[in-house]
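Novice:
2 protein chains.
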Amino acid sequence: MLMGELSRRSGVPVATIKFYLREGLLPPGTPTAATRASYGEDHLRRLRLIRALLEVGEVSVATIRTILAVVDDRSVGVHQMLGAVQYALGPRLTPPTDGDPHWEAAGREADDLISDMGWIVAPEAPARTLLTATLAALRRTGSAPSGAGLHAYAEALSRLAASEVASLEPAGSPESPAARIALTESAVVGMVLHERVIIALRRLAQEDASARRYG
Amino acid sequence: MLMGELSRRSGVPVATIKFYLREGLLPPGTPTAATRASYGEDHLRRLRLIRALLEVGEVSVATIRTILAVVDDRSVGVHQMLGAVQYALGPRLTPPTDGDPHWEAAGREADDLISDMGWIVAPEAPARTLLTATLAALRRTGSAPSGAGLHAYAEALSRLAASEVASLEPAGSPESPAARIALTESAVVGMVLHERVIIALRRLAQEDASARRYG
DNA sequence: ACTATTAGATAGCAGTACTCTCTAATGGAT
DNA sequence: ATCCATTAGAGAGTACTGCTATCTAATAGT
């Protein structure tokens, strides 16, 4: 497949594909002449993955590059891959250096919740920082949620996450390297886009609840 | 309170506060002289709200301006406010003009889910578009979730949303205009930041589930 | 009187995701 | 054989975002 066909089939402009090649998001095609290279179905698949992460997942180009490097690294297993993706996605928030009481209280609340749930998570997990930062911001604005509400969220998400992780490796270990990559790409896009699905469903449910109560 | 004190108490640089004033995110202080204005606690509260939405909620300045305009509009009720905020947050995705089969299948799936759940949502609700776009992207990348999984998500979020909406108006209607604004700000920050809480909890639960299964 | 601070305005800056332009080489059509 | 479209590869340019810096004139506190 030539650049033009890749562009046509993916809906991505040629100049943009070239940009992704320069940025290392897309591996180069196999050159057939000085001014010609051939691209395969895997390029098309990768391109769709990039666009999904960018347009729907709102993931930055730099983060996508990091994620794809993990996807292409055959030495990492499913668990490490999930962790690496979470680390790449994780908030680039800087915790306050001084002793911010809101931050510290939020950190304690997050730690308590995690241990109450019996969750096994790394101390430096970015999601932990994200939770702390969000709880701290809620405290700062005087809108801290109740502990009971947090637990309800956690219980619900615990069940959803368990079933999703269980479906990650449907048929044993991957057969070929290409199949492994396709499977890993699918897991990544699932991780990122399911978050969007959850947000969309939550907003829809909220609109419904609000309509019933006030509408 | 003078600009300097507002800056010190909020942790936001003076130049940035001036920028928010210019952008209309922060109402001007009451001028006391040609080069002096006085700011109150409401400015401090609003500034914290802006920072929470920006830094944790990842909401753009333009969107925050739109949201704050709704918050300050005393003529809108809770339900309309929620709708307006969702509309402002909503994806700025453009649905494909041509008949994209993935998009259309995703749209049908979203509509089916909404009617299965018995949800009352506007046909043009941005969350509906977000759901459609995300399902379409999942289809394009060959990672479409199962209908059963979607229903499980929807059920869980339906319960969470109902309890959150129920807690929006804790003690009847607001007393003073200032109290109404404070309550509305709290509702907005809750809407936006609780989404982050959910994402953080999901990632934590996923890490735990993955650790138990593969770690 | 002097220094620090402020309002208000304008300009600049760093990062992001492209988009455009150019050159030289090549492929297919006529 | 010769044209025209297409391509690789490289570099510069663009539009937008969220600040940040600089300047002027006015004022407050010491």
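These protein sequences, in sequence, are chains A and B.
If you're matching positions, the first sequence starts at 41 in our numbering and goes up one per residue.
If you're matching positions, the second sequence starts at 41 in our numbering and goes up one per residue.
For every residue, glycine included, the Cβ atom is placed at its ideal position computed from N, Cα and C.
(1) Could you give the C-beta distance for Pro166(A) and Gln126(A), rounded to a whole number, given that I count them as a contact under 8 Å?
(2) Excluding the 5 residues preceding and the 5 following Ser226(A) in the sequence, name in chain order all residues of the same chain whose CB lies nearer than 8 Å to its CB.
(3) Suppose the cutoff is 6 Å on Cβ atoms and the five residues either side in sequence are ignored; what does the same chain contact list for Thr106(B) look like?
(4) What residue from Ile238(B), Leu171(B), Met231(B), Ala222(B) has the CA that sits closest to Glu195(A)'s CA?
(5) Verify the CB distance criterion: does Arg252(B) have a CB-CB separation below 9 Å to chain A?
(6) Classify Thr72(A) as helix, strand or coil using the three-state DSSP reduction.
(7) Residues of the segment 181-192 of chain B in Cβ contact with chain A at a cutoff of 9 Å, in chain order, please.
(8) Applying the criterion that 16 or more other CB atoms from any shown protein chain within 10 Å of the CB defines a buried residue, is Glu215(A) buried or exposed?
(9) Can you give me the Cβ contacts of Pro71(A) inside the same chain, cut-off strictly under 7 Å, excluding the 5 residues immediately before and after it?
(10) Would you mind stating whether His234(B) and Ala251(A) have Cβ atoms separated by less than 9 Å?
(11) Taking the continuous alpha helix (DSSP H) assigned at Arg91(A), which residues delimit it?
(12) Using only the alpha-carbon positions, how far apart do Ala74(A) and Leu89(A) sit?
(13) Going by alpha carbons, who is nearest to Glu98(B) out of Ile104(A), Gly130(A), Asp82(A)?
(14) Tell me where the alpha helix (DSSP H) around Ile221(B) begins and ends.
(15) When the distance is taken between beta carbons, is Ala201(A) closer than 9 Å to Arg199(B)?
(16) For chain A, find out if any of its Cβ atoms is closer than 9 Å to the Cβ of Met43(B); answer yes or no.
(17) Which residues bound the alpha helix (DSSP H) around Pro166(B)?
(18) Hey, Val111(B) and Ile221(B) are a contact pair by Cβ (cut 8 Å); roughly how many whole angstroms apart?
(19) Using three-state DSSP, classify Ala184(A) as helix, strand or coil.
(20) Please report the straight-line C-alpha distance between Val101(A) and Met41(B), rounded to a whole angstrom.
(21) Can you give me the start and stop residues for the alpha helix (DSSP H) that Val54(B) sits inside?
(22) Determine, using beta carbons only, whether Ser155(A) comes closer than 9 Å to chain B.
(23) Less than 8 Å separating the Cβ of Leu197(B) from some heavy atom of the ligand NAD?
(24) Any contact between the segment 57-64 of chain A and the segment 149-159 of chain B? By contact I mean 3 or more CB pairs, one from each, below 8 Å.
(25) Ordered along the chain, which non-local residues of its own chain (more than five positions away) have a Cβ less than 7 Å from that of Glu209(A)?
(26) Got a sec: which bits of the segment 148-177 of chain A sit with their beta carbon under 9 Å from any beta carbon on chain B, in order along the chain?
(27) Any idea which residues DSSP pairs Ala102(A) with across the strands?
(28) Does any residue of chain A bring its CB to less than 9 Å from the CB of Leu46(B)?
(29) Below 9 Å between beta carbons: does that hold for Val205(B) and Leu122(B)?
(30) When you compare only the Cα positions, how much space is there between Val52(B) and Ala145(A)?
(31) Output, in sequence order along the chain, the residues in the segment 124-138 of chain B whose CB is closer than 9 Å to any CB in chain A.
(32) What residue range is occupied by the uninterrupted alpha helix (DSSP H) comprising Ser155(A)?
(33) Using a Cβ-Cβ cut-off of 9 Å, state whether Leu233(B) counts as contacting chain A.
(34) How many Å lie between Gly69(B) and Ala92(A) at the Cα?
(35) Chain B partners of Asp248(A), CB-CB under 7 Å?
Specialist: In short:
(1) 6 Å
(2) Hits under 8 Å: none found.
(3) Ala128
(4) Ile238(B)
(5) Yes, contact with chain A.
(6) strand
(7) Those would be Thr181, Gly182, Ser183, Pro185, Ser186, Gly189, Leu190, Ala192, in chain order.
(8) Exposed, because fewer than 16 other Cβ atoms sit within 10 Å of the Cβ of Glu215(A).
(9) Excluding positions up to five away in sequence, the list reads Ala77.
(10) Taking 9 Å as the Cβ cut-off, His234(B) and Ala251(A) do not qualify as a contacting pair.
(11) 81-91
(12) 28 Å
(13) Gly130(A)
(14) 217-254
(15) no
(16) Judged by the 9 Å Cβ criterion, Met43(B) is not in contact with chain A.
(17) 166-180
(18) Indeed, because the Cβ distance is near 6 Å, the residues count as touching under 8 Å.
(19) coil
(20) 43 Å
(21) 54-63
(22) No, because no Cβ of chain B sits closer than 9 Å to the Cβ of Ser155(A).
(23) You won't find the ligand NAD in this model; it holds no ligand whatsoever.
(24) Because the criterion of three Cβ pairs below 8 Å is not met, the segment 57-64 of chain A and the segment 149-159 of chain B do not touch.
(25) Val118
(26) Sequence-ordered contacts of the segment 148-177 of chain A with chain B read Ala150, Leu153, Ile154, Met157, Gly158, Trp159, Ile160, Val161, Ala162, Ala165, Pro166, Ala167, Arg168, Thr169, Leu170, Leu171, Thr172, Ala173, Thr174, Leu175, Ala176, Ala177 [C-beta pairs closer than 9 Å].
(27) Note: Ala102(A) sits in no beta bridge, so no partner.
(28) no
(29) yes
(30) Pairing Val52(B) with Ala145(A), the inter-Cα distance amounts to about 21 Å.
(31) Gln126, Leu129, Gly130, Pro131, Leu133, Pro136
(32) Taken as a continuous stretch (DSSP letters only), the alpha helix (DSSP H) holding Ser155(A) covers 141-156.
(33) It does: the Cβ of Leu233(B) has a partner Cβ on chain A nearer than 9 Å.
(34) 44 Å
(35) In chain order: Trp159, Ile160, Val161.
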